Structure formats: structure tokens, C-alpha cells
Amino acid sequence: MHRASTVSPPRPPDHRAAGRTTRVALALAACSALLLALVAAEWRPLVALDGDIARSTHRWAVTQHGLTRTFRILTDWVWDPLTMRLVCAAAAGWLVWRRRAWWTALWLAAVCALGTALQQSLKAAVGRPRPVWPDPVDSAHYAAFPSGHAMTATVVCGLLLWLLRHLGAGRALWRTAVAVAAVCVLGAGLTRVWLGVHWPSDVLGGWLLGALVVTLAALVYTRGLARAGGPREEHR
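Residues in the sequence shown are numbered consecutively from 51, following the working numbering.
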């Protein structure tokens with residue numbers, strides 16, 4: 051008995067969609083560059099706003115022990131960058147095993163790796179100190195900007211959502227995936243501020259840069275398909 055698949059064959063390249071993606075990439079690049087410049091220059095209004103928000107959330111984190119413990123579990127295990135990368139690796143393995151989509155799997159793994167390299171390079175280049183508290187509720191290593199949790203969650207969830215759209219996922223699957231991705235991306239960032247290990251602008255930078263990586267990766271993939279005349283990988 052034949053069972054209908056939850057995904058359809060990959061969609062052909064859409065040149066109008068590529069144009070929209072290019073405009074989105076330019077907007078994200080401009081916003082990311084502006085925020086990076088303000089952080090690197092230690093722009094006083096941004097520093098003051100970061101400090102006000104961080105101090106307020108830290109006071110809440112110190113008093114709300116149960117919620118803080120829950121956030122630590124989520125950030126250390128569920129939304130940890132390693133966990134996100136393992137999810138990406140599992141998706142790449144599924145693409146190879148079930149759909150024989152070797153090039154798509156390689157693209158997925160390469161983008162995830164490049165996103166990590168960009169994140170670490172920016173941390174080293176900016177060298178922004180993390181918040182320091184007399185009564186910390188959590189600790190973290192390396193420089194603060196951009197947030198690795200926020201950026202990695204955005205890259206991985208964004209790539210997986212784009213793949214689902216590219217493969218023609220059904221409405222129910224798509225809506226569920228969008229909801230789960232939104233919770234993961236927002237949660238991965240906001241919990242880092244709550245736990246006092248990142249400034250709010252670190253998280254915003256992670257979100258912006260992660261979205262930029264996904265948008266550029268989708269653009270490269272789409273243009274590659276257009277030059278190749280459409281998908282050539284074998285799909286089951």
C-alpha cells in the first residue's frame with residue numbers, strides 16, 4: 051500500500067524570490083554592520099540600555115530560583131550550540147539516507163560550520179567583556195559579542211525551515227516547525243540575558259548575524275540551482 055509523503059518534490063528556482071532574498075540579505079547586512087560598529091565603539095546610549103536591561107533581568111533571576119534553574123537546563127542542554135549542531139548533522143544525515151541529496155546535505159553542514167567560524171571570529175575581533183555580577187547565577191566563557199547560543203539557534207532553525215519550504219512541506223508540518231523554531235530562537239537568546247551571561251545587544255547581534263547567514267546561504271543555493279537548471283539530485 052503506497053503512503054503519501056509529507057513533503058513534495060523540491061520547488062524549481064524562483065528568480066523573483068531570489069530578488070527578494072537579495073534585498074533581505076542587504077538589509078540584514080546593514081543592520082548587522084551598524085550594530086557591530088556601535089558595540090565595537092562602545093556607543094554610550096547602547097551601553098546604558100544594555101546595562102539597564104541586564105541589571106533588571108539579573109535581579110529577577112536571583113529571586114526566581116525555579117525559573118532560573120529551568121532556564122539553565124534549557125540553555126545548557128536543549129538550546130546549547132552543540133545540541134543545535136547535532137540537530138543540523140542529523141538533518142544532513144537524513145537528506146543523504148532518505149533522499150540521496152548529497153549536495154544539499156553538504157551545503158547544510160558547510161553553512162553551519164561557516165556560521166560557527168564567523169561567530170568565533172567576531173568574538174575574538176570585538177573582544178567584548180561579558181556582564182560581571184557579585185552574585186552570578188550562571189557562567190560562560192569567551193567574549194560576549196555575538197551570542198553563540200542566539201546565533202547558532204538562528205542559523206540551524208533558519209536552515210531547517212528553509213529546507214522544509216524548499217522541499218514543499220505540508221501546511222501542518224510547516225506551521226509546527228515555525229512554532230518550534232520561534233520558541234528555540236527566542237528562548238536561546240532571551241535565557242542568556244536572564245542568566246546574566248550576555249548583554250541584550252549580544253543576543254540581537256546573534257539573531258541578526260544568524261539570519262544573515264541563512265539568507266546568504268539560501269541565495270547561494272537558489273542561484274546554484276538556477277545555474278544548474280534545477281535540482282539534479284535523486285529524491286525518493
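Quick reminder that beta carbons are idealized off the backbone N, C-alpha and C, glycines included. Model, not experiment: these values are computed from the prediction.
Where does the unbroken alpha helix (DSSP H) through TRP153 begin, and where does it stop? 152-176
7 Å CB neighbourhood of LEU85 in its chain, flanking five on each side removed: SER251, LEU254, GLY255, LEU258
Three-state secondary structure (DSSP) at PRO95? helix
Continuous alpha helix (DSSP H) stretch holding LEU117: start and end: 115-123
Out of ALA227, LYS173, ALA200, ARG242, which one is the CA nearest neighbour of VAL18? An answer regarding residue 18 cannot be provided, because it is not within the stretch 51 to 286 covered by the chain.
State the DSSP-derived secondary structure class of ARG286, mapped to helix, strand or coil. Only weak support exists for where ARG286 lies, its pLDDT of 45 falling under 50; the value from the coordinates is given anyway. Coil.
If you draw a straight line from the C-alpha of TRP212 to the C-alpha of THR166, how long is it? 19 Å
Got a sec, what are the start and stop residues for the alpha helix (DSSP H) ARG289 sits in? Residue 289 falls outside the range modelled here, since the chain spans only 51 to 286, and no answer is possible.
Apart from the five residues on each side of it in sequence, which residues of its chain come closer than 6 Å, Cβ to Cβ, to ALA238? TRP129, HIS199, ALA200, ALA203
Determine, using beta-carbon pairs with one atom in the segment 218-231 and one in the segment 107-124, whether at least three such pairs fall under 8 Å. no
Please list, in chain order, all residues of the same chain as LEU210 whose beta carbon is under 8 Å from its beta carbon, the five residues on each side excluded. VAL137, CYS138, ALA141, ALA227, ALA231
How many Å lie between VAL97 and TRP157 at the Cα? 37 Å
7 Å CB neighbourhood of LEU124 in its chain, flanking five on each side removed: GLY237, THR241
Neighbourhood of TRP183 by C-beta, 8 Å cutoff - its chain only, sequence neighbours within 5 removed: HIS108, GLY246
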